[in-house]
Amino acid sequence: GDSVTQMEGPVTLSEEAFLTINCTYTATGYPSLFWYVQYPGEGLQLLLKATKADDKGSNKGFEATYRKETTSFHLEKGSVQVSDSAVYFCALSLAGGTSYGKLTFGQGTILTVHP
Amino acid sequence: GAGVSQSPSNKVTEKGKDVELRCDPISGHTALYWYRQSLGQGLEFLIYFQGNSAPDKSGLPSDRFSAERTGGSVSTLTIQRTQQEDSAVYLCASSPTSNSPLHFGNGTRLTVT
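Chains A and B are the protein sequences, given in the same order. First residue of the first sequence: 122, per the numbering used here; consecutive thereafter. First residue of the second sequence: 638, per the numbering used here; consecutive thereafter.
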């Protein structure tokens with residue numbers, strides 16, 4: 122079945138450091154890929170997405186590129202802030218049809234950024 | 638505007654009791670999803686409603702779990718004869734169409750003692 126494997130956490134960084142959170146996937150079809158973020162005390166929210174190979178999703182300084190050849194969707198940010206401290210989830214869904222929101226999530230990566 | 642609202646925010650129940658969890662989606666959103674977030678299993682899809690179509694129940698873990706969506710709006714997730722392994726945060730999400738990103742509620746934390 123479909124699955125998502127995320128870099129184990131937790132990840133602790135100093136402010137302005139470079140961030141990478143690795144994500145790889147296994148899918149029977151041609152999935153759409155997502156990063157969701159859960160800030161402390163808040164609900165999950167979409168951070169960015171990509172729906173086809175070589176697409177780059179970006180938002181709030183975060184980027185991830187859909188790499189079909191390596192089945193990866195790694196999350197990167199050049200300079201993290203304390204406010205980026207949150208749990209990050211990589212997810213996939215089958216593109217189109219009625220399955221767009223039927224997501225398979227990775228285990229989540231806790232990011233803590235210190236001043 | 639108002640987001641997805643879930644109630645109660647916390648629920649403690651005794652093993653064997655039934656519980657109902659409520660979700661008010663964003664007005665006008667036709668798609669509604671339930672997920673479960675637990676320490677052992679991570680985030681798991683449970684059930685999906687789209688308009689008047691039959692729901693996709695493929696993620697429900699057992700026949701003790703059921704959900705309904707009345708009038709295409711509010712949804713209730715019911716767990717009968719709760720077990721300790723049902724303890725988790727139950728998340729509801731809605732989206733304008735089946736091809737739109739999800740908007741999640743803050744969840745209901747269920748503890749079965």
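C-beta atoms are modelled at their ideal positions from N, C-alpha and C, and glycine is treated no differently. Small disclaimer: the values here were computed from a predicted structure and weren't measured.
Any beta-carbon of chain A closer than 8 angstroms to the one on residue i?
{"i": "B:Ser735", "result": "yes"}
{"i": "B:Phe741", "result": "yes"}
{"i": "B:Ser646", "result": "no"}
{"i": "B:Ala668", "result": "yes"}
{"i": "B:Ser732", "result": "yes"}
{"i": "B:Leu728", "result": "yes"}
{"i": "B:Asp693", "result": "yes"}
{"i": "B:Thr744", "result": "Looking at the sequence shown, residue 744 of chain B is not Thr but Gly. By this cut-off, B:Gly744 is an interface position."}
Using the Cα positions of residue i and residue j, report the straight-line distance between them to the nearest angstrom.
{"i": "A:Tyr146", "j": "A:Ala138", "result": "26 angstroms"}
{"i": "A:Thr219", "j": "B:Glu657", "result": "Its pLDDT being 49, under 50, A:Thr219 is placed unreliably in this model, and the value from its coordinates should be taken loosely. Going from the Cα of A:Thr219 to the Cα of B:Glu657 covers about 26 angstroms."}
{"i": "B:Phe741", "j": "B:Ser731", "result": "7 angstroms"}
{"i": "A:Met128", "j": "B:Leu714", "result": "32 angstroms"}
{"i": "A:Lys223", "j": "A:Ser214", "result": "6 angstroms"}
{"i": "A:Leu196", "j": "A:Gln159", "result": "15 angstroms"}
{"i": "A:Ala212", "j": "A:Leu154", "result": "6 angstroms"}
{"i": "A:Gly230", "j": "A:Asn143", "result": "The sequence as given places Thr at residue 230 of chain A; Gly does not occur at that position. Their backbone Cα atoms lie some 9 angstroms apart in a straight line."}
{"i": "A:Pro161", "j": "A:Val234", "result": "13 angstroms"}
{"i": "B:Asp661", "j": "B:Ser644", "result": "9 angstroms"}
{"i": "A:Asn180", "j": "B:Pro692", "result": "32 angstroms"}
I'd like to know if residue i contacts chain B, where contact means its C-beta is closer than 8 angstroms to some C-beta of that chain.
{"i": "A:Asp175", "result": "no"}
{"i": "A:Thr126", "result": "no"}
{"i": "A:Ser193", "result": "no"}
{"i": "A:Asp123", "result": "no"}
Which residues in chain C have a C-beta closer than 7 angstroms to the C-beta of residue i? List them in chain order.
{"i": "B:Pro738", "result": "The structure shown contains no chain C; its protein chains are A and B."}
- Message: Just to confirm the assignment: which complete beta strand (DSSP E) runs, minimum length 3, are found wholly within the stretch 670-698 of chain B?
- Response: 679-687
- What runs of the beta strand (DSSP E), each 3 residues or longer, lie entirely inside the stretch 139-222 of chain A? 140-142, 144-147, 152-159, 166-171, 177-180, 183-186, 196-198, 207-215
- Message: Under 9 angstroms, CB to CB, which of the residues in the stretch 158-170 of chain A have a partner in chain B?
- Response: Taking 9 angstroms as the upper bound on Cβ-Cβ separation, chain B lies near residues Gln159, Gly162, Glu163, Gly164, Leu165, Gln166, Leu167, Lys170 of the stretch 158-170 of chain A.
- Item | Three-pair Cβ contact test at 8 angstroms for the stretch 684-697 of chain B versus the stretch 176-195 of chain A | Remark: fewer than three beta-carbon pairs, one from each stretch, lie closer than 8 angstroms, so the stretch 684-697 of chain B and the stretch 176-195 of chain A are not flagged as touching.
- Message: Using a Cβ-Cβ cutoff of 7 angstroms, what residues of the stretch 702-723 of chain B are near chain A? List them in chain order.
- Response: none
- Would the stretch 639-648 of chain B and the stretch 166-180 of chain A be scored as touching if the rule is three or more Cβ pairs under 8 angstroms? no
- Message: Counting only Cβ-Cβ distances shorter than 7 angstroms, please list the residues of the stretch 661-685 of chain B near chain A, keeping chain order.
- Response: Ala668, Tyr670, Gly679, Leu680, Phe682, Tyr685
- Would you call the stretch 658-668 of chain B and the stretch 681-692 of chain B touching, i.e. three or more CB-CB distances under 8 angstroms? When C-beta atoms of the stretch 658-668 of chain B are compared with those of the stretch 681-692 of chain B, three or more pairs fall below 8 angstroms, so the two segments count as touching.
- Message: If contact is defined by three or more beta carbon pairs under 8 angstroms, each pair taking one atom from either stretch, is the stretch 649-656 of chain B in contact with the stretch 191-207 of chain A?
- Response: no
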